[in-house]
Amino acid sequence: MNLRLIGKRLAQARNLLELAVEKVEADTGIRRARLASIESGTEAPSGDELLIMASYYARDVRDFIDPSRPEPFKETSILYRKHGPAFTAEDRRSVQEFLFLCEIEADLASQLNVERVSFEFKPSNGDLHKTHGVDAAAALRRTLGYTARQIRLDIYADFRLIGLHVFRRRLRNKDLSGLYIEHPVAGHCILVNYDEDIYRQRFSVSHEAAHAIFDSNDTASISYERSSSKYNKMDLKEIRANRFASHYLMPPTLLPRVPSWSKELALHWAQTLKVSTEALSYALREADLVDDAAARMIRSVRVPMIDKVDPEAPSNLSPSQLARRKELMEMGLSDYYVGLCFEAHHRGLISAGRLGEAFLSDYRGLREISVLYGRSIVNEL
Numbered sequence: 365m366n367l368r369l370i371g372k373r374l375a376q377a378r379n380l381l382e383l384a385v386e387k388v389e390a391d392t393g394i395r396r397a398r399l400a401s402i403e404s405g406t407e408a409p410s411g412d413e414l415l416i417m418a419s420y421y422a423r424d425v426r427d428f429i430d431p432s433r434p435e436p437f438k439e440t441s442i443l444y445r446k447h448g449p450a451f452t453a454e455d456r457r458s459v460q461e462f463l464f465l466c467e468i469e470a471d472l473a474s475q476l477n478v479e480r481v482s483f484e485f486k487p488s489n490g491d492l493h494k495t496h497g498v499d500a501a502a503a504l505r506r507t508l509g510y511t512a513r514q515i516r517l518d519i520y521a522d523f524r525l526i527g528l529h530v531f532r533r534r535l536r537n538k539d540l541s542g543l544y545i546e547h548p549v550a551g552h553c554i555l556v557n558y559d560e561d562i563y564r565q566r567f568s569v570s571h572e573a574a575h576a577i578f579d580s581n582d583t584a585s586i587s588y589e590r591s592s593s594k595y596n597k598m599d600l601k602e603i604r605a606n607r608f609a610s611h612y613l614m615p616p617t618l619l620p621r622v623p624s625w626s627k628e629l630a631l632h633w634a635q636t637l638k639v640s641t642e643a644l645s646y647a648l649r650e651a652d653l654v655d656d657a658a659a660r661m662i663r664s665v666r667v668p669m670i671d672k673v674d675p676e677a678p679s680n681l682s683p684s685q686l687a688r689r690k691e692l693m694e695m696g697l698s699d700y701y702v703g704l705c706f707e708a709h710h711r712g713l714i715s716a717g718r719l720g721e722a723f724l725s726d727y728r729g730l731r732e733i734s735v736l737y738g739r740s741i742v743n744e745l
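Number 745 marks the last residue of the sequence shown (the numbering used here); no jumps.
Given below as structure tokens:
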């Protein structure tokens, strides 16, 4: 083993999570003097220590021992170098666990031969950024076979269908709406802040999908809420992503022509289109279908939370089951991902132990998830 490589990568993993050695010692039981010796490359970690630290840092153990594996820390290093203050230590762990799930999802989708729809958009050099977003949204709707007036509820499935890894996770920083990372192993990875309103999340995932389509060369980027002081309304890439999201969710053919808007009509159309009243108002104003006063009135009302439908939180569940399902989604465990993992397990591609790792859970948590989803565990631990 290359002890220097292992030590360097273990130290990088710890530092990216902003973890002090005292914290690692308390949580893993590995003494700080031992950690220091391993990180300096003077002592070799045992197999058990490597597995413990890989699990603790939410990484594939190969990140530490395989020199041929793509450099595992580049993308998050770039992210935190650019936007470090935006991420608390807790949010850094959330981001790392999200990337860990993306790697697992990519691997299992490949092994299970999950079908994807090929989509690539090349904008014309002379076009404006706004035009890029509009044209790409129309092109993707055509690729997926949408009619001009078709409204799709589960747009998360749309973006997964074209090969994007989409997860939702609650972040502490409420200013963040989402982030995009081009992962060296998993590919296009999108995280949407689950703290957002359900309909706002639909816009955010569409916005981040635009970054995957147009801005993958940037490696990593974050998006702020429009209400945040850090939101830059003049950023051309953000303008393009917003235009894509707006036209993907609300193409001009779907926008209502209403001669006189009321709060009741604003609620009706926001609910019909499954968007926030804010997004609806901007789309209508951009299309010159309302004036500034009407746009402000539309933004002033809110669709009641109880009336909003989340495609990954089915209404046929009991209140306790629904609450638990939402808790799992806050951790990033979507219906799609959970189903993919159970399918791989039942086909013998992953063990019960690996299934628990994929769910970021111990055995008790794994059993609870299996009961909640009505799935069995083969060859239990």
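Each residue gets a CB set at the ideal place from its N, CA and C atoms; glycine is no exception.
Listed in chain order, the alpha helix (DSSP H) elements of length 4 or more contained wholly in the region 643 to 676 are 656 to 663. Secondary structure note for Asn379: its alpha helix (DSSP H) is the uninterrupted segment 367 to 380. In this structure, the straight-line span from the alpha carbon of Tyr444 to that of Glu732 is close to 35 angstroms. Arg689 is not a Cβ neighbour of Pro675, given a cutoff of 9 angstroms.
Taking a cut-off of 8 angstroms on C-beta distances, the region 609 to 620 touches the region 482 to 501, as three or more cross pairs fall below it.
Arg534: not part of any beta strand (DSSP E); DSSP gives it neither H nor E. Boundaries of the beta strand (DSSP E) around Leu543: 540 to 547. Close CB contacts of Leu369 within its chain, under the 7 angstroms cut and outside five residues either way in sequence, are with Pro431 (chain order). In this chain, Ile442 is not harboured by any beta strand (DSSP E); it is covered by the alpha helix (DSSP H) spanning 438 to 447. Contact between the region 711 to 719 and the region 685 to 700 is absent: fewer than three C-beta pairs spanning the two stretches fall below 8 angstroms. Looking at the backbone, the Cα of Leu619 and that of Gln475 are separated by about 41 angstroms.
For Arg533, the CB contacts under 7 angstroms within the same chain, skipping 5 residues up- and downstream, are Ser458, Phe462, Leu555, Tyr558, Glu694, Met695, Gly696 in chain order. The continuous stretches of beta strand (DSSP E) do not include Ile429, which lies in the alpha helix (DSSP H) extending over residues 426 to 429. Between the beta-carbon of Leu465 and that of Phe531 there is about 6 angstroms, and that keeps the pair under the 8 angstroms contact cut.
Contact between Val622 and Leu629 holds: their C-beta atoms lie close to 6 angstroms from each other, under 8 angstroms. Listed as beta-bridge partners of Asn557 by DSSP are Arg533. Between the C-alpha atoms of Leu525 and Thr636 there is a straight-line separation of about 24 angstroms. Here Gln565 is buried: its Cβ has 16 or more other Cβ atoms, across all protein chains shown, within 10 Å. Straight-line measurement puts the Cα of Asn680 at about 18 angstroms from the Cα of Val702. The criterion of a C-beta distance shorter than 9 angstroms is not satisfied by Thr440 and Ile416.
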